[in-house]
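Q:
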Amino acid sequence: MSQPSSVEEKLDHLQHHFIDSDQQFEASKLGMWIFLVTEILFFGGLFAAYIVYRAWYPELYLLASEELDVFWGTVNTFVLIGSSLTVAMAIRSAQLNQIRGLIINLWITIGLALTFMVIKYFEYVEKFEKGILPGAHYSYEGIAHEKANIFFSIYYMMTGLHGIHVLIGIGLMIWLVFKAKKKVFHSGYYTPVEITGLYWHLVDVIWIFLFPLLYLID
Amino acid sequence: MLPPAKSTTAAETDALFHFITSTSLILLLGITIAIIYFAWKYRRRSEDDVTPVITHNSKLEITWSVIPLILVIIVFGWGLTGYMNLTTAPDDAYEIRVVGKSWLWEFHYDTGHVSVNELHVPVDRPVKLVMSSDDVIHSFYIPDFRVKMDVLPNRYTSLWFEATEVGESIVYCAEYCGTAHSNMLATTYVHSQEDFEMWLETAGSEDDDLDPVARGEQLVTRNACDTCHSTDGTRLQGPTFQGLFGSEREMDDGEIVVADENYIRESILEPNARITAGFQPVMPSYAGTLDDRQIDAIIEYIKTLD
Amino acid sequence: MATNDESKNVRKLQVKRFKPEENPEKHYLNQEKGLWAWMTTVDHKKIGLMYLGSITFFFFIAGVLALLLRTELLTPARSFMDADMYNQVFTLHGAIMIFFFLVPSVPTVLGNFILPLQLGAKDVAFPRLNLASYYIYVVGALFTLFAIFTGGIDTGWTFYTPYSSSAAGGNIMAMTFGIFILGFSSILTGVNFLVTIHKMRSPGITWNKLPLNLWGLYATSIIQILATPVLAITLLLLTMERMLSIGIFDPAIGGDPVLYQHFFWFYSHPAVYIMIVPGFGIISEVISTFSRKVIFGYWAIALSSLAIAFIGFLVWGHHMFTAGQSSLANMVFSFLTFLVGIPTGIKIFNWLATMYKGSIDLKTPMIYALVFLFLFTIGGFTGIMLGALAVDIHLHDTYYVVAHFHYVMMGGMVMAFLAGLHYWWPKMFGKMYSEFWAKITCAIIFIGFNMTFLPQFVMGSQGMPRRYFNYIDQFQSFHQFSTIGAYIMGVGFLIMAAYMIHSLVKGKPASSNPWGSRALEWQTSSPVPLHNFEHTPVIINGPYDYHKPMSEFQLGITASQHAHHADKPVDISTQEKEQA
Chain X
0 MSQPSSVEEK LDHLQHHFID SDQQFEASKL GMWIFLVTEI LFFGGLFAAY
50 IVYRAWYPEL YLLASEELDV FWGTVNTFVL IGSSLTVAMA IRSAQLNQIR
100 GLIINLWITI GLALTFMVIK YFEYVEKFEK GILPGAHYSY EGIAHEKANI
150 FFSIYYMMTG LHGIHVLIGI GLMIWLVFKA KKKVFHSGYY TPVEITGLYW
200 HLVDVIWIFL FPLLYLID
Chain U
0 MLPPAKSTTA AETDALFHFI TSTSLILLLG ITIAIIYFAW KYRRRSEDDV
50 TPVITHNSKL EITWSVIPLI LVIIVFGWGL TGYMNLTTAP DDAYEIRVVG
100 KSWLWEFHYD TGHVSVNELH VPVDRPVKLV MSSDDVIHSF YIPDFRVKMD
150 VLPNRYTSLW FEATEVGESI VYCAEYCGTA HSNMLATTYV HSQEDFEMWL
200 ETAGSEDDDL DPVARGEQLV TRNACDTCHS TDGTRLQGPT FQGLFGSERE
250 MDDGEIVVAD ENYIRESILE PNARITAGFQ PVMPSYAGTL DDRQIDAIIE
300 YIKTLD
Chain C
0 MATNDESKNV RKLQVKRFKP EENPEKHYLN QEKGLWAWMT TVDHKKIGLM
50 YLGSITFFFF IAGVLALLLR TELLTPARSF MDADMYNQVF TLHGAIMIFF
100 FLVPSVPTVL GNFILPLQLG AKDVAFPRLN LASYYIYVVG ALFTLFAIFT
150 GGIDTGWTFY TPYSSSAAGG NIMAMTFGIF ILGFSSILTG VNFLVTIHKM
200 RSPGITWNKL PLNLWGLYAT SIIQILATPV LAITLLLLTM ERMLSIGIFD
250 PAIGGDPVLY QHFFWFYSHP AVYIMIVPGF GIISEVISTF SRKVIFGYWA
300 IALSSLAIAF IGFLVWGHHM FTAGQSSLAN MVFSFLTFLV GIPTGIKIFN
350 WLATMYKGSI DLKTPMIYAL VFLFLFTIGG FTGIMLGALA VDIHLHDTYY
400 VVAHFHYVMM GGMVMAFLAG LHYWWPKMFG KMYSEFWAKI TCAIIFIGFN
450 MTFLPQFVMG SQGMPRRYFN YIDQFQSFHQ FSTIGAYIMG VGFLIMAAYM
500 IHSLVKGKPA SSNPWGSRAL EWQTSSPVPL HNFEHTPVII NGPYDYHKPM
550 SEFQLGITAS QHAHHADKPV DISTQEKEQA
């Protein structure tokens, strides 16, 4: 049903029920924003658990956070901030019709995301070896607090859920690279790049909250 | 509609209940009459009916916002005062410890006596129940007194009441707690002050003159063993007592044990140490509830059930 | 949008009038054929019908379970099933009714079908996502069915810890995981509807010409996207609790079971409004149409839906008055609970005022709407009773609560759903149903419903706790009366199924606008064309402008006009040309 247009651009992407590209783009972007709100509430549940237990056992958080490695946490924070920058540059490239730049920036972002996951993996392994496991499986004796297992349950839930989001982001960006190689995107249509970028920024922002709340308690 | 009011606070709760019921009925009647009247009076007479354009009416709308608001504020304030009375126990209240277990109620008195599924209280004296649960969440509910409170596994909760007449009232568990939730009942016995004192003194020894078997039978009923263990072969939540003694039992790990005195004793004090195949580890421990002589009596009673 | 562009964006639209085609040969039901075309369709109407099939299936299952419960309760002790079975049956009745019928029904069936039509749009904003939502629902449902056949679940639909995390048997993980998945279906539907309402309105549909049904769905979508993620995280934590013993809610490992209740009710109270608020929208449409009169207090009804959605987020604690939370918390939650009563009351009065001096036609949808008014008012008043702290201490977790929420859910939401289903049935299938049998059925259901649940108010007041397998003898006559009522209701629904199927097979063809409504969805053919409107509609009159003659409502512009948004100002000049 799409109408021939006087504008010289490809309209393959325009779905039949939208009137024009603008409407489609705005709708997609609004949809993503609303979805991000639900993501925030999704994590909000965990933040609520975090706050409740922190209010009940403030000293537990002081003791337990010392087990977390601030150095690697800081490195990971910079890795993610860097990836947010490269994803923004990817969108910019798409707007400017620079498909090569788009692909390169996406690959760098994917690389940074993988770096983040590798560092996270080593952090987890180090804790598992000490016996710092969630809940009932906790067997580490280095923290003098009976509820230490609960802190680490919350830690694993929060960082684990965040890690799953990073993995989903990596998957989305690999998909974008394939699409970009097929020349799907151009300055007139880059909606998937834009909304994936929005998603990636949210993943980054959540980490920026998690990092001080878990690692930097003084 | 309400059960008889047998506590000092019940009357106020009832008054509010009746106020809300009657106000609601009046308003409901008004709305219903309006619906029926409008539906009849303004019924469609022809397909060309023309209706007036009435989009709003500020005075009317303010009226029907403000009047309900006033009504609910009254109800809120009234409910809150009643609630504050229900939660603030008088300082001189007589304290009883309540333990909820799946699926029985244990009452610990200051004399050290423990009764199961029987709460004995004095009349005309505030009684405060300090409650906790050994397993899942239960809820202690006496409709006659209009009191209810959840019983939690990780903290103490409390409620209080002052019974106004001698008699019996039923206690329910109101929070769903599994298979025998609806059997987790108890009875409140309200005694006169003297009777209550006497009960406290004699409660521990009242069955001394019975022979062990009769005493065991009494204990099985009193301690609610028969909620889960039948004496006639019926399968309930636990294995039946009939034919239990001396039989070979298969445990859930495949071990075969003979149900002798030691096995039964262990099953009472450490019920989850060994579980009969096909049953769930749900029985609460009776350590501290039953003393050795009482356990002996129960074993004697079980021996008689062939 | 920059102001200097505005003059450029104002478009003059030439409006021609079109009459919708009566009994069209080609419509959405027959334009694409075959099972595969149905299963992969992105058409919002077909997706709506697939949901209708699914929720009807689950309503039937959960309804049968309810009848089993009522039958078991004929006697105070065991009648024909044992306690464990009874506990499973009431858990499944609640969980299936709530998660698979009540929460999705109005948005996914009537919302999907009607929302784009009322906006004059060709589809929802994200049709593929819409289809994905349906399949996510199906996957969630399969998990649930898997849970039922692999041990069932006996925790009650609330899954309270620590019972659910340690004591209970059965397959709780599959069940909670199924509902976790289902939550995403609900979230994505909410996202879809919000975007559609914002971005896909036809020219002329300004916010004050939005049908109240859409305001209802709009408020519902907001609750769906804000509350459902919290349910998702709660159930995820519960699943982890059972799988890995993380201990956040389990006191045996150091956690707090009351925290679980806070998490759970933070979703599940707003969920009540997910169920009932779209019902409010339907009732507004039906009452206005069958009173043939402009709706009274348009903005009061629209905004009170939003107010209910908002306050609904702040009252979850009233489910925990006896759970041991502080007196201060109880006081605040009690007060906020009463505040929800005000906008709800306002709606009732507005609907009554709409009927005043109307031209009332007591067709089946209208009767259901009036039944809704009566039953929902009872549900509301008993809600006030339960909000009053002192009284709630007595009534909490008794049959009074059971009766109260059945009056709200069944007497409110289900009656609204039935009103909507009968109202839009001709539009959906192009067939009329038997008005005679529909009215008889409505009466049967009304009588059966009250027989079932009125005695439960009495039992609850006298202290009968809910979820009881055995009960004391004094309640037996009430239970038996209630059970007879439930059977009558069951018969009512069977008759409904019969006349609805009869209507599909042999029903009289429906005209495009059998009720003489002014709303946009009635200005196209019945059944609806595949792309909803032959011409993109331009809206000049509001959906409740019953004082204007019908002829003014046949609108459309030629299909070649494109690139216009509701957000951009339009200058509409009508061209008085009638096309036959």
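Keeping their order, the protein sequence lines are chains X, U and C.
Straight run, no breaks: the first sequence in numbering that gives the first Met the number 0 ends on number 217.
Straight run, no breaks: the second sequence in numbering that gives the first Met the number 0 ends on number 305.
Straight run, no breaks: the third sequence in numbering that gives the first Met the number 0 ends on number 579.
Think of the CB as a built atom: it goes at the ideal place given N, C-alpha and C, for glycine as much as any other residue.
By the criterion of Cβ-Cβ separation under 9 Å, what are the contact partners of C/V229 in chain X?
A: Sequence index remark: in the third sequence, residue 229 of chain C carries index 230 (1-based). Residues of chain X passing the Cβ test: L40, F41, G43, G44 and A47.
Q: Inspect the CB distances between the segment 540 to 547 of chain C and the segment 27 to 44 of chain X and report whether three or more fall short of 8 Å.
A: no
Q: Just to confirm my understanding: we take X/D68, look at its own chain, exclude 5 residues before and 5 after, and list those with CB closer than 7 Å. What are they?
A: Within the first sequence, the letter at position 69 stands for residue 68 of chain X. The residues are E122.
Q: Return helix, strand or coil for C/M450, following the three-state DSSP convention.
A: The count along the third sequence starts at 1 and reaches residue 450 of chain C at position 451. Three-state DSSP puts C/M450 in a helix.
Q: Beta-carbon separation of X/G81 and X/L111 under 7 Å?
A: Position 82 of the first sequence, counting from 1, holds the residue named residue 81 of chain X. Position 112 of the first sequence, counting from 1, holds the residue named residue 111 of chain X. Result yes, Cβ atoms of X/G81 and X/L111 sit closer than 7 Å.
Q: Which chain X residues are close to C/G246, counting only those with a beta carbon under 7 Å from its beta carbon?
A: As a working mapping, residue 246 of chain C is identified with position 247 in the third sequence. Going along chain X in sequence order, the residues near C/G246 (Cβ under 7 Å) are G134, A135, N148, I149 and S152.
Q: When the Cα atoms are used, what is the spatial distance from U/T239 to U/H228?
A: Locating residue 239 of chain U in the second sequence gives position 240, where the first residue counts as 1. Locating residue 228 of chain U in the second sequence gives position 229, where the first residue counts as 1. So the alpha carbons of these two residues sit roughly 5 Å apart.
Q: Alpha carbons only, please: which of X/F41, X/F150, X/A87 and X/F46 is nearest the one belonging to X/L61?
A: Residue mapping note: residue 61 of chain X aligns to position 62 of the first sequence, counting from 1. By alpha-carbon distance to X/L61, the top candidate from X/F41, X/F150, X/A87 and X/F46 is X/F150.
Q: So which residues on chain U does C/H421 lean against when the C-beta distance must stay under 9 Å?
A: For the purposes of this step, residue 421 of chain C is taken as the residue at position 422 of the third sequence. Result: empty, since nearest Cβ-Cβ is about 17 Å, beyond 9 Å.
Q: Can you list, in chain order, the residues of the segment 258 to 278 of chain U whose Cβ is nearer than 7 Å to any Cβ on chain C?
A: none
Q: Taking only three categories from DSSP, how would you classify C/A558?
A: Taking the third sequence and counting its residues from 1, the one referred to as residue 558 of chain C is at position 559. Bear in mind that the predicted position of C/A558 carries a pLDDT of just 47, short of 50, making it unreliable; the figure below should be weighed with that in mind. Coil, per DSSP.
Q: Closest Cβ-Cβ distance between C/T376 and chain U: below 7 Å?
A: Numbered from its first residue, the third sequence carries residue 376 of chain C at position 377. Yes, its Cβ sits closer than 7 Å to a Cβ of chain U.
Q: Is any beta-carbon of chain U found at less than 7 Å from that of C/A387?
A: Here residue 387 of chain C refers to the residue found at position 388 when the third sequence is read from its first residue. At a cut-off of 7 Å between C-beta atoms, C/A387 counts as an interface residue with respect to chain U.
Q: Using the rule of at least 16 other Cβ atoms within 10 Å of the residue's Cβ for burial, across every protein chain shown, is C/Y399 buried or exposed?
A: Position 400 of the third sequence, counting from 1, holds the residue named residue 399 of chain C. Counting the other CB atoms within 10 Å of its CB gives C/Y399 a total of 16 or more, which places it among the buried residues.
Q: Check whether the Cβ of U/S64 lies closer than 7 Å to any Cβ atom in chain C.
A: In the second sequence, the residue the question calls residue 64 of chain U occupies position 65. Yes, because at least one Cβ of chain C sits closer than 7 Å to the Cβ of U/S64.
Q: What is the rounded straight-line gap between the Cα of U/D91 and the Cα of X/D217?
A: In the second sequence, the residue the question calls residue 91 of chain U occupies position 92. In the first sequence, the residue the question calls residue 217 of chain X occupies position 218. Looking at the two C-alpha atoms, the distance is approximately 46 Å.
Q: Can you tell which of C/N449, C/F456 and C/I500 has the C-alpha that lies nearest to the C-alpha of C/Y432?
A: For this step, residue 432 of chain C is matched to residue 433 along the third sequence. Closest by alpha carbon: C/I500.
Q: If the criterion is Cβ atoms closer than 7 Å, does the pair C/A589 and C/G278 meet it?
A: The structure shown has nothing for residue 589 of chain C, since chain C only spans 0 to 579.
Q: What residue range is occupied by the uninterrupted beta strand (DSSP E) comprising U/K127?
A: Residue mapping note: residue 127 of chain U aligns to position 128 of the second sequence, counting from 1. It spans V126 to S132 - the beta strand (DSSP E) in which U/K127 sits, taken as one unbroken run.
Q: Does C/K121 have its Cβ less than 7 Å from a Cβ in chain X?
A: Numbered from its first residue, the third sequence carries residue 121 of chain C at position 122. So, interface residue.
Q: When we look at the beta-carbon of U/Q192 and count the other beta-carbons within 10 Å, is it buried (16 or more) or exposed?
A: Here the question's residue 192 of chain U lines up with position 193 in the second sequence. Exposed, since its Cβ has fewer than 16 Cβ neighbours within 10 Å.
Q: Do three or more CB pairs link the segment 283 to 299 of chain C to the segment 202 to 214 of chain C at distances below 8 Å?
A: yes
Q: Buried or exposed for C/S134, please, with buried defined as at least 16 other CB atoms from any protein chain shown within 10 angstroms of its CB.
A: In the third sequence, the residue the question calls residue 134 of chain C occupies position 135. Inspection of the sequence shows that residue 134 of chain C is occupied by Tyr rather than by Ser. Per the 10 Å Cβ criterion, exposed.
Q: Three-state secondary structure (DSSP) at U/S6?
A: Translated into the one-based positions of the second sequence, residue 6 of chain U becomes position 7. For U/S6, the secondary structure class from DSSP, reduced to helix, strand or coil, is strand.
Q: In angstroms, rounded to a whole number, what distance separates the CA positions of C/F263 and C/T157?
A: The residue you call residue 263 of chain C lines up with position 264 of the third sequence. The residue you call residue 157 of chain C lines up with position 158 of the third sequence. Cα to Cα, the separation comes out at about 8 Å.
Q: Buried or exposed, going by whether 16 or more other CB atoms sit within 10 Å of the CB of U/N56?
A: Working through the second sequence from its first residue, we reach residue 56 of chain U at position 57. Result: exposed.
Q: Can you tell which of U/P121, U/G245 and U/L70 has its C-alpha closest to the C-alpha of U/Y188?
A: The residue you call residue 188 of chain U lines up with position 189 of the second sequence. It is U/P121.
Q: If the criterion is Cβ atoms closer than 7 Å, does the pair C/F100 and C/F57 meet it?
A: Numbered from 1 along the third sequence, position 101 holds the residue referred to as residue 100 of chain C. Numbered from 1 along the third sequence, position 58 holds the residue referred to as residue 57 of chain C. Contact flag set, yes.
Q: Assess contact between the segment 73 to 89 of chain U and the segment 156 to 170 of chain U, defined as three or more Cβ pairs (one per stretch) separated by less than 8 Å. Is contact present?
A: Counting C-beta pairs with one atom in each stretch, the segment 73 to 89 of chain U and the segment 156 to 170 of chain U have three or more that are closer than 8 Å, which means they touch.
Q: With a cut-off of 7 Å, does the C-beta of U/Y82 fall near any C-beta of chain C?
A: Position 83 of the second sequence, counting from 1, holds the residue named residue 82 of chain U. It does; some Cβ of chain C falls within 7 Å.
Q: Enumerate in chain order the residues of its own chain whose CB-to-CB distance from C/I275 is below 6 Å, with the five nearest sequence positions on each side excluded.
A: Counted from its first residue, the third sequence places residue 275 of chain C at position 276. These residues qualify, in order along the chain: G411 and M412.
Q: What does X/E25 touch in chain C if you count any residue whose Cβ is under 7 Å from its own?
A: One-based indexing of the first sequence puts residue 25 of chain X at position 26. In chain order: K198.
Q: Between the Cα of C/A82 and those of C/F468, C/Y498 and C/D396, spot the shortest distance and give me the residue it belongs to.
A: The residue given as residue 82 of chain C occupies position 83 in the third sequence. Comparing Cα-Cα distances from C/A82 to each of C/F468, C/Y498 and C/D396, the minimum goes to C/F468.
Q: Just the Cα atoms here: how many angstroms apart are U/D133 and U/D231?
A: Along the second sequence, read from residue 1 onward, the residue named residue 133 of chain U stands at position 134. Along the second sequence, read from residue 1 onward, the residue named residue 231 of chain U stands at position 232. For U/D133 and U/D231, the distance between alpha carbons rounds to 29 Å.
Q: Let me know the secondary structure DSSP gives U/P121 once reduced to three states.
A: Working through the second sequence from its first residue, we reach residue 121 of chain U at position 122. In this structure, U/P121 counts as strand in the three-state DSSP scheme.
Q: Tell me the rounded alpha-carbon separation between C/L369 and X/P57.
A: For this step, residue 369 of chain C is matched to residue 370 along the third sequence. For this step, residue 57 of chain X is matched to residue 58 along the first sequence. So the two alpha carbons sit approximately 56 Å from each other.
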